[in-house]
Amino acid sequence: MDNGKRNGNLYTFLYAAIMVIVVAALLAVVSQILRPRQVANKTQETQRTILRSVHLEGAAYRKYIRDTVAGPQHLPLFICTLEDGTRKYIIPLEGKGLWGSIRGYLALNDDFSTVYGAVFDHDAETPGLGAEISRTSFSDPFRGKSLYRGEQFVSISVLKPGKAGDNPNAVDGISGGTLTSRGVENMIRESLEPYLPFLKHYE
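Quick note: the sequence shown uses the numbering used here, first residue 27, plus one each step.
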């Protein structure tokens, strides 16, 4: 290989290396510039979701919601004070669906037993099947359901479609979305269990 060809290859390599470094630096700068906006957008989306759980979609978050923590574990809790002075207690939910993470918020009346509202979302559930958990047709039936049977915490079961009937501790699941429905059921129970001492204290 002659010197000219060797020098040409070296120039190409150096040029490519410099371009990679420049592009990486630019991307890092852009990422830092956009990060505050991304964080703000994420916060606003979370606030909108919390408001939906208490049927206040489109309302001013700080007017109704106070962020706090529950118990010695400092579990996240959101307290909503409605116009009539009644309070709703909103608990975040996290779990696993069929293909990825699922999440939501469950709002309880001040008896800490009866559901006032619920909202669910997902990362990668199947459209038309498990993804239906994000629709109000799935979340609305949770309203009025009870977490207790007598004095016993039973959470809320998500049954096969048409099986819940008048069961105060169950809702119908999604047709064709059995595993996602089961994931929602597990998510609710597992997310609420750490809050039980707090809920019992305030009953």
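Backbone N, C-alpha and C fix where the C-beta goes; we use that ideal spot for every residue, glycine too.
Where does the unbroken alpha helix (DSSP H) through residue i begin, and where does it stop?
i: L205; result: T204 to L218
i: S163; result: T162 to S165
i: K114; result: From DSSP, K114 is part of no alpha helix (DSSP H) but of the beta strand (DSSP E) over R113 to K122.
i: Y221; result: No alpha helix (DSSP H) holds Y221; DSSP gives it neither H nor E.
If you draw a straight line from the C-alpha of residue i to the C-alpha of residue j, how long is it?
i: I116; j: A42; result: 53 Å
i: A85; j: K68; result: 17 Å
i: L52; j: M45; result: 10 Å
i: T162; j: L40; result: 57 Å
i: V180; j: V55; result: 51 Å
i: Q70; j: P102; result: 17 Å
i: R92; j: T140; result: 20 Å
i: E211; j: V49; result: 46 Å
i: C106; j: P194; result: 24 Å
i: K114; j: T152; result: 32 Å
Would you mind stating whether residue i and residue j have Cβ atoms separated by less than 8 Å?
i: A144; j: F168; result: yes
i: Q58; j: P220; result: no
i: G156; j: I214; result: no
i: L225; j: F138; result: yes
i: S207; j: Y131; result: no
i: D110; j: R129; result: no
i: G97; j: P223; result: yes
In terms of alpha-carbon separation, which member of the options lies closest to residue i?
i: S160; options: Q70, R63 and G123; result: G123
i: F247; options: G126, T72 and I128; result: Because the chain spans 27 through 229 in this model, residue 247 falls outside it and cannot be assessed.
i: G154; options: T204, Y142 and N135; result: T204
i: V184; options: S172, Q178 and E177; result: S172
i: P187; options: D198, P194 and Q178; result: D198
i: D166; options: G121, V95, N193 and Y142; result: Y142
i: F164; options: L134, A196 and D136; result: A196
Within 10 Å of its beta-carbon, does residue i have 16 or more other beta-carbons around it, so buried, or fewer, so exposed?
i: L119; result: buried
i: R108; result: Sequence check: residue 108 is Leu here, not Arg. Result: exposed.
i: Y37; result: exposed
Which residues bound the beta strand (DSSP E) around residue i?
i: R92; result: I91 to A96
i: A196; result: A196 to D198
i: G156; result: Unbroken run through G156: none, as it is neither H nor E.
i: R129; result: S127 to L134
i: A85; result: Run containing A85: none; DSSP gives neither H nor E here.
i: G191; result: Run containing G191: none; DSSP gives neither H nor E here.
i: T107; result: L101 to T107
i: F146; result: V141 to H148
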